[in-house]
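Going down the list, the sequences are from chains V and W.
Letter by letter, the first sequence follows residues 84 to 388 in the working numbering.
Letter by letter, the second sequence follows residues 84 to 388 in the working numbering.
The C-beta atom is built at its ideal place from N, Cα and C for all residues, glycine as well.
Read through the structure below, which is laid out as structure tokens, and then see the notes.
Number of protein chains: 2
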Amino acid sequence: MSTHIQQIAFLGTGLMGAPMARCLLHAGFPVRVWNRTGSKAAALVEDGAVHAASAVTAVAGADLVITMLENGSVVGELLFDGGVARAARNGAVFVDMSSVPPEIAQLHATMLLELGQHHIDAPVSGGTAGAAAGTLAIMAGGDAETFQRVEPVLRAMGRPVHVGPSGSGQLAKLANQVIVAVSIGAVAEALLLAAAGGADPAAVREALRGGFAESRILELHGQRMLDRDFVPGGAIRNQLKDLDTALAAASNAKLKLPMLEVVRAAFAGLKDTGAAGYDHSALLLWLEQLNAPARVGDAPDRLPS
Amino acid sequence: MSTHIQQIAFLGTGLMGAPMARCLLHAGFPVRVWNRTGSKAAALVEDGAVHAASAVTAVAGADLVITMLENGSVVGELLFDGGVARAARNGAVFVDMSSVPPEIAQLHATMLLELGQHHIDAPVSGGTAGAAAGTLAIMAGGDAETFQRVEPVLRAMGRPVHVGPSGSGQLAKLANQVIVAVSIGAVAEALLLAAAGGADPAAVREALRGGFAESRILELHGQRMLDRDFVPGGAIRNQLKDLDTALAAASNAKLKLPMLEVVRAAFAGLKDTGAAGYDHSALLLWLEQLNAPARVGDAPDRLPS
């Protein structure tokens with residue numbers, strides 16, 4: 084087994100996948116791209132990609148297959164029903180950077196191993212900005228030797244860290260989503276408390292930067308709350324899907340996670356009121372509904388059309 | 084009224100106050116220091132401070148009086164029962180950097196105004212490290228003109244931001260503490276979820292850095308949880324005091340803040356089991372008790388003696 088990656092197939096070049104593939108191309112890796120909506124993959128040709136008409140064609144002869152798809156079902160269908168798992172070179176590594184439940188990642192790893200292939204689950208955090216800059220947090224699960232083989236490629240897209248055996252990358256992503264969701268709740272409660280007491284919430288957010296409350300969420304989602312800009316970004320329906328997966332993983336491990344339960348209920352409540360397509364910083368709206376007429380700022384709400 | 088500060092008195096040179104006063108001295112401001120335990124103030128003489136034997140002596144002729152004391156009662160007693168408010172120059176500014184309830188800050192402001200003095204509430208976040216480096220988050224409430232007069236002095240200790248009228252600085256500090264406490268809860272739940280599912284929690288924390296979950300709390304208190312180092316730092320009894328003040332402020336504003344309530348109950352539970360002196364990252368212990376035998380890491384607990 085060569086440790087040097089010679090041919091990469093990148094399947095799924097949507098909002099996240101396209102800038103990630105571009106990072107690989109700009110780092111000099113040979114990449115064949117495929118996307119269900121072909122035009123999104125074709126756009127990468129000018130960055131040096133080879134555009135494949137089908138996923139099977141894209142992976143033919145590849146020793147590294149990267150998937151960045153909507154969910155675990157789509158990944159499973161493509162790899163196993165769509166014939167992609169068998170079409171790659173024997174002994175290839177399949178790095179699934181999609182967010183899928185840990186047990187599905189483990190199942191895919193087992194199924195690939197039976198076909199003589201390898202699997203790394205490597206979901207990401209950092210959004211489209213992190214994808215474009217090549218600074219994604221990359222959480223990788225699988226065996227250490229396989230991780231080391233693909234690490235130089237992953238490094239072109241961000242900061243890969245091997246976090247444990249198969250499924251651990253997905254577990255780390257769930258941990259990430261728990262922190263993101265609960266932190267959004269924390270910032271919403273803090274800004275509403277400040278505003279209701281007569282302080283200027285925008286100045287409060289500014290003042291808190293540099294102290295112990297400093298975070299990406301205070302920075303980005305705190306600003307969204309002040310602007311009341313709830314156009315996604317990260318939609319509530321996706322956040323809710325991740326939190327449900329996190330609660331299922333907690334339940335499997337017989338864990339009770341009280342803060343996760345509070346934010347899960349908040350996002351579920353928002354979805355029920357038709358806000359599933361709003362950015363997850365709209366957790367503020369749930370908190371304001373609970374505390375009417377308290378409100379953060381005077382700006383009109385910016386909602387997705 | 085001169086806008087140029089000529090003589091500063093610094094009252095309360097303990098763990099936080101001493102490095103803050105040192106920043107002023109190193110920036111070239113003339114500072115007279117006083118502390119109840121005199122030796123802690125005397126140690127600043129080598130940095131250029133004048134050590135006063137009493138608080139009244141320290142403030143005689145001062146046009147800026149900074150207090151960094153244990154709580155609102157101690158501040159009130161010193162200023163009004165101890166004669167300090169009258170001993171400063173007429174028209175002096177009293178900047179209280181202690182953490183006190185917003186309504187006490189407003190009361191002090193009113194009482195000082197009746198004596199012809201000015202008041203700014205300007206509590207801080209960033210701990211002893213931030214105090215030593217002169218990088219504290221400084222949250223200032225009071226009238227804008229008075230804030231502008233003292234801003235250059237505050238800037239020697241960190242990043243002052245004017246967040247609103249009297250009491251707003253304290254409200255911002257409460258907002259800060261809400262974010263800190265809830266974020267500690269978020270990190271504890273995330274690391275326990277990762278560990279219980281079989282991932283390496285230390286690698287997960289490392290992987291999450293640079294993604295949307297990045298925060299000072301993940302950085303500092305996440306590492307404490309992995310090291311199981313619960314020697315304070317920020318003690319649970321202080322965190323609980325701040326959260327109770329935050330809940331009282333929420334109640335005054337008729338706000339229900341569900342995440343704050345969960346962490347408040349957790350810290351209260353920890354205090355009841357004798358952990359009041361532990362670092363607030365020991366919220367992890369409460370979560371582990373709720374989920375026994377799940378645990379983050381194998382290290383033995385480091386507890387305060």
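At a cut-off of 4 residues, the continuous stretches assigned as alpha helix (DSSP H) that sit fully inside the region 248-307 of chain V are 251-279, 284-291.
The Cβ atoms of Val116 (chain W) and Phe93 (chain W) sit closer than 8 Å to each other.
For the C-beta of Lys339 (chain V), the chain W residues within less than 7 Å are, from N- to C-terminus, Leu373, Asn374. Listed in chain order, the alpha helix (DSSP H) runs fully inside the region 136-219 of chain V are 138-142, 155-159, 167-170, 185-197, 210-216, counting runs of at least 4 residues.
Around the beta carbon of Thr96 (chain W), 16 or more other beta carbons lie within 10 angstroms, which makes this residue buried.
In the DSSP assignment, Val114 (chain V) falls within the beta strand (DSSP E) that extends over 114-117. In chain order, Gly293, Gly294, Phe295 make up the part of chain W whose C-beta sits under 8 Å from the C-beta of Gly209 (chain V).
Residues of the region 253-267 of chain V that bring their beta carbon within less than 7 Å of a beta carbon in chain W comprise Leu254, Ala255, Leu257, Ala258, Asn259, Val261, Ile262, Val263, Val265, Ser266, in sequence order. Counting along the chain, Ile91 (chain V) sits inside the beta strand (DSSP E) bounded by residues 91-94. Of all residues in the region 174-196 of chain W, only Pro185 place a beta-carbon less than 9 Å from a beta-carbon of chain V. Per DSSP, the unbroken alpha helix (DSSP H) holding Ile319 (chain W) starts and ends at 319-335. Ala223 (chain W) sits buried, since 16 or more C-beta atoms from the chains shown fall within 10 Å of its C-beta. In this structure, the beta-carbon distance from Ser298 (chain W) to Arg320 (chain V) does not fall below 8 Å.
For Ile300 (chain V), the nearest beta carbon of chain W is closer than 8 Å to its own beta carbon.
Contact of Gly225 (chain V) with chain W is not assigned, every C-beta pair being separated by 8 Å or more.
Chain-order list of chain W residues neighbouring Val246 (chain V): Ala282, Asp283, Ala286, Val287, Ala290, by C-beta distance under 7 Å. Nearest neighbour of His363 (chain V) by Cα position, chosen from V:Ala329, V:Ala101, V:Leu373, V:Gly305, turns out to be V:Gly305.
The beta-carbon distance between Val236 (chain W) and Leu108 (chain W), rounded to whole angstroms, is 12 Å. This is too long to meet the 8 Å contact definition. Between the region 256-266 of chain W and the region 269-287 of chain V, the count of Cβ pairs shorter than 8 Å is three or higher; the stretches touch. When DSSP reads this structure, Ile221 (chain V) sits in a beta bridge with V:Val207, V:Pro243. Interface with chain V (8 Å Cβ-Cβ cutoff): Thr356 (chain W) is excluded.
Distance between Ala359 (chain W) and Leu353 (chain W), taken at the CA atoms: about 7 Å. Taking C-beta separations shorter than 7 Å and ignoring five residues to either side along the sequence, the partners of Ala365 (chain W) in its chain run Phe313, Ile319, Leu353, Ala358, following chain order. Here the C-alpha atom of Leu326 (chain V) lies approximately 26 Å from the C-alpha atom of Phe177 (chain V). Of all residues in the region 270-281 of chain V, those with a C-beta nearer than 8 Å to a C-beta of chain W are Val270, Glu272, Ala273, Leu274, Leu275, Leu276, Ala277, Ala279, Gly280, Gly281, reading in chain order. Taking the Cα positions, Ala348 (chain V) is about 14 Å away from Thr328 (chain V).
The C-beta of Lys339 (chain W) has fewer than 16 other C-beta atoms within 10 Å across all chains shown, which makes the residue exposed. Annotation: the continuous alpha helix (DSSP H) that includes Pro235 (chain W) extends over 227-238.
In this chain, the alpha helix (DSSP H) harbouring Arg105 (chain W) covers 100-109. Taking the Cβ atoms as the reference, Leu219 (chain V) lies roughly 13 Å from Ser181 (chain V), outside the contact range of under 8 Å.
Here the region 229-248 of chain W does not lie against the region 283-296 of chain W, with fewer than 3 beta-carbon pairs under 8 Å apart. In the displayed model, Asp384 (chain W) falls within coil according to three-state DSSP, outside both helix and strand. With its beta carbon at least 8 Å from every one in chain V, Arg320 (chain W) lies outside the interface. Within chain V, the residues whose beta carbon sits less than 7 Å from that of Thr218 (chain W) are Gly293, listed in sequence order. Taking every protein chain shown into account, the CB of Gln231 (chain W) has fewer than 16 other CB atoms within 10 angstroms, so this residue is exposed. Taking C-beta atoms under 8 Å as the contact rule, Ala258 (chain W) and Ala277 (chain V) qualify, at a distance of about 4 Å.
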